[in-house]
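S.K.:
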Amino acid sequence: MTIAGKGVEGGDAISVLNPATGAPFASAPDCSTDQLNEAVASARAAFPAWRAKPDSERGQVLKTAAGVIAANADELMRLLTSEQGKPHDEARFEVMGAAYWLSSMADMAIPVEVNEDTAERRSETRHVPIGVVAGISPWNFPVLLSFWKIAPALRAGNTMILKPSPFTPLTMLRIGELLRDVIPAGVLNIISGGDALGPMVTAHPGIDKVSFTGSTATGKRVMASAAVDLKRVTLELGGNDAAIILPDVDVDAVAKDLFWAAFRNSAQICIATKRMYVHEAIYDRLSRAIADYAESVKMGDGSEQGTQLGPVQNKQQYARVIDIIDDCKSSGYRFLTGGDVPTDKPGYFIPVTIIDNPPENSRVVQEEAFGPILPLLRFNDIDDVIAKANASEYGLAGSVWSADTDAALSIAARMETGTVWINEVQHLSPFQAFAGHKQSGLGVENGLGGLLEYTMPQTITVKPAKAG
252 MTIAGKGVEG
262 GDAISVLNPA
272 TGAPFASAPD
282 CSTDQLNEAV
292 ASARAAFPAW
302 RAKPDSERGQ
312 VLKTAAGVIA
322 ANADELMRLL
332 TSEQGKPHDE
342 ARFEVMGAAY
352 WLSSMADMAI
362 PVEVNEDTAE
372 RRSETRHVPI
382 GVVAGISPWN
392 FPVLLSFWKI
402 APALRAGNTM
412 ILKPSPFTPL
422 TMLRIGELLR
432 DVIPAGVLNI
442 ISGGDALGPM
452 VTAHPGIDKV
462 SFTGSTATGK
472 RVMASAAVDL
482 KRVTLELGGN
492 DAAIILPDVD
502 VDAVAKDLFW
512 AAFRNSAQIC
522 IATKRMYVHE
532 AIYDRLSRAI
542 ADYAESVKMG
552 DGSEQGTQLG
562 PVQNKQQYAR
572 VIDIIDDCKS
582 SGYRFLTGGD
592 VPTDKPGYFI
602 PVTIIDNPPE
612 NSRVVQEEAF
622 GPILPLLRFN
632 DIDDVIAKAN
642 ASEYGLAGSV
652 WSADTDAALS
662 IAARMETGTV
672 WINEVQHLSP
682 FQAFAGHKQS
692 GLGVENGLGG
702 LLEYTMPQTI
712 TVKPAKAG
């Protein structure tokens, strides 16, 4: 671990499995209570000096850190594939994305708002750092989503403790090692541990804000824990994203894009398409085209050349997806492809599985599977399909696909989600806000709004002193 700028062994260790084999291949430190206290104390001690640095100096530290990550991308890529399972190309894309987020956030300006500027007084609102921030990142994109937190937190002048998922701690621990000579001691502490560590972090009285990415159920527990001492929270939680495909699309042109909208990273993406509503006029052709394309995609060990989809990352998620597949079988739903999970091979591999028009109230439609299973659903009425898309406790993202941009925009405006894409999905940027509606989250990531999540407004009003 990296605590106060130094390498620290854990009080104990946790095993890290390669999901392509299901076997342990490494261990990571298991942070003790005393070590967490040390990390919080080091972040608290480093805060005044880091806060006092000019914006340009903090920004330069972030840019230098981005360069170090990019320079070590090949090593980090291999490590990320070993612990997460994604193909090397996807792993490298994630590592380089983290570097891009750091360098992009480094130049983002924090505004000062002038409220009044008269002879009687001047009033302005600035945005000051919160203090010590804890980031808790998930296992599906353990590097990129960590830097969605690190970049704005440090840019705004906070210090940080980052806890990656116990399933995927290694790449972030290695990045902590690489950045010890770049980021001042105590400004970024990276710790790891088992299931007990997260609640210890969120309840710690020395932490001022928690930024969490993960399931809605866990997010609610994080929020409850933070409420005890009114910690600030940012929560990026679950989603059950709907795609609406209108009858005027070019079926052959969009089939591949729609497949990857659902199945990239073996569908382990909070903003993956998880319900695909296809107009009945093109349903048969498009469903056949997507299923045919699925047959051409290679699934396997992410370290092997040509692999396009890796395994489900962990045994618990693997069992959950299989349970939903079994429910589809017992309910008599038709499988367009997949459904037969091999039991004679190592690793957590689930073939791409597509279900043909199951009922709206089925588990595969209503639940977030977070694995390679997708329901295709017929529709013929725009109002009805929008109502179905919105009939979810989630509201993270969605998409509309059409040759008629105006028609797509009209539908997008009625979708109850934080992001809607038209004729694409999963376009994300450090410069645009990303936020969940309903039970998909609280607060904002990315963009100016995401940066300001790591600050508190402070209004200063000056009334000129009267002449004596």
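Numbering-wise, my numbering puts 440 at position 189 of the sequence shown, and it's gapless, one number per residue.
Note that the Cβ used here is the ideal one computed from N, Cα and C, for glycine as well.
Remember, predicted model here, so these are calculated numbers, not experimental data.
If you count every other CB in all the chains shown that lies within 10 Å of the CB of T656, and 16 or more means buried, which is it?
M.R.: With fewer than 16 other Cβ atoms within 10 Å, it is exposed.
S.K.: Please give me, in chain order, every unbroken run of the alpha helix (DSSP H) with length at least 4 that falls completely inside the region 556 to 590.
M.R.: 566 to 581
S.K.: Candidates A322, V259, A540, N631: which alpha carbon is nearest T588's?
M.R.: A540
S.K.: For a quick check, are the C-beta atoms of Q559 and V548 less than 8 Å apart?
M.R.: yes
S.K.: State whether the region 319 to 339 contacts the region 467 to 477, with contact taken as three or more CB pairs (one from each stretch) at a distance under 8 Å.
M.R.: no
S.K.: Could you spell out the range, first to last residue, of the alpha helix (DSSP H) harbouring I320?
M.R.: According to the DSSP assignment, I320 belongs to the alpha helix (DSSP H) that extends over 306 to 322.
S.K.: Specify, as a first and last residue, the run of the alpha helix (DSSP H) that A475 falls within.
M.R.: Looking at the DSSP string, the run of the alpha helix (DSSP H) that includes A475 is 467 to 478.
S.K.: Locate the alpha helix (DSSP H) running through A540, then write down its first and last residues.
M.R.: 534 to 546
S.K.: Counting only the same chain and skipping the five closest in sequence on each side, list residues whose C-beta sits under 6 Å from that of S354.
M.R.: K314, A317
S.K.: Terminal residues of the continuous alpha helix (DSSP H) containing I633?
M.R.: 633 to 641
S.K.: Determine the closest residue to M527 out of S388, V615, S581, with distance taken between C-alpha atoms.
M.R.: V615
S.K.: Please list the segments of the alpha helix (DSSP H) lying wholly inside the region 432 to 468, counting only runs of 4 or more residues, in order along the chain.
M.R.: 448 to 454
S.K.: Using CA atoms only, rank isn't needed, just tell me which of M359, S283, D632 is closest to E308.
M.R.: M359
S.K.: In the structure shown, what three-state DSSP assignment does V394 receive?
M.R.: coil
S.K.: Could you tell me whether the Cβ atoms of A303 and V383 are closer together than 8 Å?
M.R.: no
S.K.: Can you grab the Cα-Cα spacing for the pair L396 / C579, in whole Å?
M.R.: 32 Å
S.K.: Pairs of beta-carbons, one from the region 706 to 714 and one from the region 489 to 503, closer than 8 Å: are there three or more?
M.R.: Contact fails: fewer than three Cβ-Cβ distances are below 8 Å.
S.K.: Along the alpha helix (DSSP H) that carries H339, what are the first and last residues, could you check?
M.R.: H339: member of the alpha helix (DSSP H) spanning 339 to 357, first to last residue.
S.K.: Do the CB positions of I254 and I434 come within less than 8 Å of each other?
M.R.: Taking 8 Å as the Cβ cut-off, I254 and I434 do not qualify as a contacting pair.
S.K.: Could you tell me which residues DSSP pairs with N269 in its beta bridges?
M.R.: A274
S.K.: Would you check if the distance between the CB atom of G465 and the CB atom of L488 is smaller than 8 Å?
M.R.: Taking the C-beta atoms as reference points, L488 is found nearer than 8 Å to G465.
S.K.: Suppose the cutoff is 6 Å on Cβ atoms and the five residues either side in sequence are ignored; what does the same chain contact list for V671 look like?
M.R.: G649, A663
S.K.: Hey, could you find the ends of the beta strand (DSSP E) T668 is sitting in?
M.R.: In the DSSP assignment, T668 falls outside any beta strand (DSSP E) and carries neither an H nor an E.
S.K.: What number of angstroms, rounded off, separates the C-alpha of P305 from the C-alpha of A350?
M.R.: So the alpha carbons of these two residues sit roughly 21 Å apart.
S.K.: Quick check on N391: buried or exposed, where buried means 16 or more other Cβ atoms within 10 Å of its Cβ?
M.R.: The residue in question, N391, is buried, as its Cβ has 16 or more Cβ neighbours within 10 Å.
S.K.: Among all the DSSP beta bridges, which residues are the ones paired with S374?
M.R.: E367, T712
S.K.: Output the distance between the C-alpha atoms of D634 and S554, rounded to the nearest integer angstrom.
M.R.: If you draw a straight line from the Cα of D634 to the Cα of S554, it is about 45 Å long.
S.K.: Go ahead and label K482 buried or exposed: buried means 16 or more other beta carbons lie within 10 angstroms of its beta carbon, across all protein chains shown.
M.R.: buried
S.K.: Beta-carbon separation of V479 and F463 under 8 Å?
M.R.: Taking 8 Å as the Cβ cut-off, V479 and F463 do not qualify as a contacting pair.
S.K.: Should the region 447 to 457 be regarded as contacting the region 280 to 293, the criterion being three or more beta carbon pairs within less than 8 Å?
M.R.: yes
S.K.: Could you tell me the distance, in whole angstroms, from the CA atom of G583 to the CA atom of N608?
M.R.: Answer to the nearest angstrom: the Cα atoms are 12 Å apart.
S.K.: Alpha carbon to alpha carbon, how far is E367 from I522? Give it in angstroms, no decimals.
M.R.: 42 Å
S.K.: Please determine, among I361, V291, F298, the residue with the shortest C-alpha to C-alpha distance to T706.
M.R.: I361
S.K.: Find the nearest neighbour of A271 within the set S517, T524, D632, judged by alpha-carbon distance.
M.R.: S517
S.K.: Looking at the structure shown, is D607 part of a helix, part of a strand, or coil, going by DSSP?
M.R.: strand
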